[in-house]
Amino acid sequence: MKTTATTLSRDEARHLAERCAQLLRQRFGVRRVVLFGSAAGDAPWHSRSDLDLAVEGLRPEDHWRALSACYELLPPGLELDLIPLESAWPELRAHIEGEVKMPEEPLEALAFEIENELCHLERVAERLAGFLKRAPPSRTR
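When you line the sequence shown up against the numbering used here, it's residues 154 to 294, in that order.
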């Protein structure tokens with residue numbers, strides 16, 4: 154049977170997150186690991202839940218190796234987000250650090266999520282526009 158977030162309890166997900174945290178500290182020298190999101194209790198645990206880990210002290214060149222090593226500890230179908238705290242946007246960092254809490258009321262929580270996603274998309278669009286300005290002119294224009 155394929156294991157997914159649906160077949161895992163929140164406690165099992167937390168245990169897996171702790172195993173990942175130990176690996177990140179021991180193998181990659183990460184100073185701090187913070188579990189956030191639905192596995193931490195910030196939102197309901199559901200069939201599409203993933204593990205959200207924020208890390209401090211992970212060298213950028215080790216990010217993909219660290220993510221891959223963590224995936225070796227996880228059952229198939231359980232996704233992992235590995236967020237470097239040093240480069241996290243202020244709103245996300247505030248959420249991770251517990252400075253901003255997810256609203257309890259479902260509609261308010263949805264509005265909170267949508268607002269955060271729109272802010273993220275705006276930053277991505279700004280960054281992309283900056284890259285495009287610096288790109289050499291296209292030969293097809």
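The beta-carbon is built from N, C-alpha and C at its ideal position, and this holds for glycine as well.
Inclusion of Leu220 and Leu233 in the CB contact set at 8 Å is warranted, their separation being smaller than that value. Counting only residues of its own chain and dropping the five nearest sequence neighbours on each side, Gly194 has a CB closer than 8 Å to the CB of Arg163. The C-beta distance from Leu169 to Leu211 rounds to 18 Å, too long to meet the 8 Å contact threshold. A direct Cα-to-Cα measurement between Gly190 and Glu214 gives close to 25 Å. Sixteen is the threshold: when 16 or more other Cβ atoms of the shown chains lie within 10 Å of the Cβ of Ile249, as they do, the residue is buried. Between Leu271 and Ala278, the alpha-carbon positions lie close to 10 Å from each other. The Cβ atoms of Ala166 and Val187 do not sit closer than 8 Å to each other. Around the Cβ of Ile267, a 10 Å sphere holds fewer than 16 other Cβ atoms; the residue is exposed. If you look at Pro256, you'll find it isn't in any alpha helix (DSSP H); DSSP assigns it neither H nor E.
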